[in-house]
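Residue numbers (our numbering): 32 to 336.
Ideal placement from N, C-alpha and C gives every residue a C-beta, glycine not left out.
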């Protein structure tokens, strides 16, 4: 098969490269149809030649790529990842959507809560993951002698990703060190004295080595790569969504109680390692499970289309 992968450029290119390395029977091509005009032009030709199009991002709003795929009768797989569900739900409620995108595309998503949200707009999606973790990390006790909490919050839409919540946690829990990667925190200055905004970090290994607990507290989320990465490294994880080997924190009160519990365990000498979480990633997100399973799902979808 000849498979064209489009959508969110970082994840689409990463998946394409992983599939090329893993599978030599099929051909995989990535085009950045979001930001590259050259790739947008190439897509007009490549779509006609493809046996299947995989989009790392779903939509029920007008897309030239999707329209051309349907016109040329090329099977289209939409991999829904999170914010795309929010945008499409809004479009569905407003009546500004294409029913044929719902009916004629093949729909994948990564987790149950996204699957349930998609059902509300008439989409029956299969759970199919595409994030791969090849590396196995040596689980080491964090180097910091103070309970250290890490969260990834980009500068753009930082409140959506929980910046204000993390600041409140730092203010209410002054004996815990909070690290924020991806954000300089300039618009929130002065930050609490126990919080450091690190900005963009090139070498996350050094930050993870200091960290006991990773927190993800967004307004809405798909299956975050930060969560999977943290579990792979054997970190304790506090997550707003209910996911395997993570402490479920659906509100700020639960998050605070969870952090206090980790603090008590830390004071009692617990190393706070999460080997079960690391093993879960090794078992369920390795190449054979993720890439092998993804290829099988694509093949099956194309055969049925």
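Task: For residue 176, the nearest candidate out of 278, 212 and 297 (CA to CA) - done: As a working note, residue 176 is residue 145 in the chain shown. Among 278, 212 and 297, the Cα nearest to that of residue 176 belongs to 297.
- [ ] Tell me residue 230's beta-bridge partners as DSSP assigns them.
- [x] Taking the chain shown and counting its residues from 1, the one referred to as residue 230 is at position 199. DSSP lists 212 and 214 as partners of residue 230.
- [ ] Would you kindly work out how many angstroms separate the C-alpha atoms of residue 289 and residue 278, rounded to a whole number?
- [x] In the chain shown, the residue the question calls residue 289 occupies position 258. In the chain shown, the residue the question calls residue 278 occupies position 247. Between residue 289 and residue 278, the C-alpha separation is close to 7 Å.
TODO: Express the C-alpha separation of residue 74 and residue 81 in angstroms, rounding to a whole number.
DONE: Along the chain shown, read from residue 1 onward, the residue named residue 81 stands at position 50. Along the chain shown, read from residue 1 onward, the residue named residue 74 stands at position 43. Rounded to whole angstroms, residue 81 to residue 74 spans 10 Å at the Cα level.
TODO: Note down the Cα distance separating residue 304 from residue 243, rounded to an integer number of angstroms.
DONE: As a first step, residue 304 is located in the chain shown; it is residue number 273 there, counting from the start. As a first step, residue 243 is located in the chain shown; it is residue number 212 there, counting from the start. Straight-line Cα distance between these residues: approximately 8 Å.
Open item on the list: Taking its Cβ as the centre, do 16 or more other Cβ atoms sit within 10 Å of residue 205, making it buried, or is it exposed?
Closed with: For the purposes of this step, residue 205 is taken as residue 174 along the chain shown, with counting starting at 1. The residue in question, residue 205, is exposed, as its Cβ has fewer than 16 Cβ neighbours within 10 Å.
Open item on the list: Please identify the residue among 142, 101, 140 and 92 whose C-alpha is closest to the C-alpha of residue 120.
Closed with: Translated into positions along the chain shown, residue 120 becomes position 89. Among 142, 101, 140 and 92, the Cα nearest to that of residue 120 is on 92.
Open item on the list: Please give the ranges of any beta strand (DSSP E) in the segment 107-178, keeping only runs that are unbroken, at least 3 residues long and fully inside the region.
Closed with: 107-111 and 137-140
Open item on the list: So the candidates are 224, 261 and 189; which of them puts its Cα closest to the Cα of residue 168?
Closed with: The residue labelled residue 168 in the question sits at position 137 within the chain shown. The candidate whose alpha carbon is nearest that of residue 168 is 261.
- [ ] Pick helix, strand or coil for residue 47, following the three-state DSSP scheme.
- [x] If you number the chain shown from 1, residue 47 lands on position 16. Helix.
- [ ] Let me know the secondary structure DSSP gives residue 181 once reduced to three states.
- [x] Taking the chain shown and counting its residues from 1, one reaches residue 181 at position 150. If DSSP states are grouped into helix, strand and coil, residue 181 belongs with the strands.
Open item on the list: Please tell me whether, using a cut-off of 8 Å, the distance from the CB of residue 317 to the nearest non-hydrogen atom of the ligand FAD is below it.
Closed with: This structure lacks the ligand FAD; in fact it carries no ligand of any kind.
TODO: Measure from the alpha carbon of residue 330 to the alpha carbon of each residue in 65, 170 and 54, then state which is nearest.
DONE: Counted from its first residue, the chain shown places residue 330 at position 299. Nearest C-alpha to residue 330: 54.
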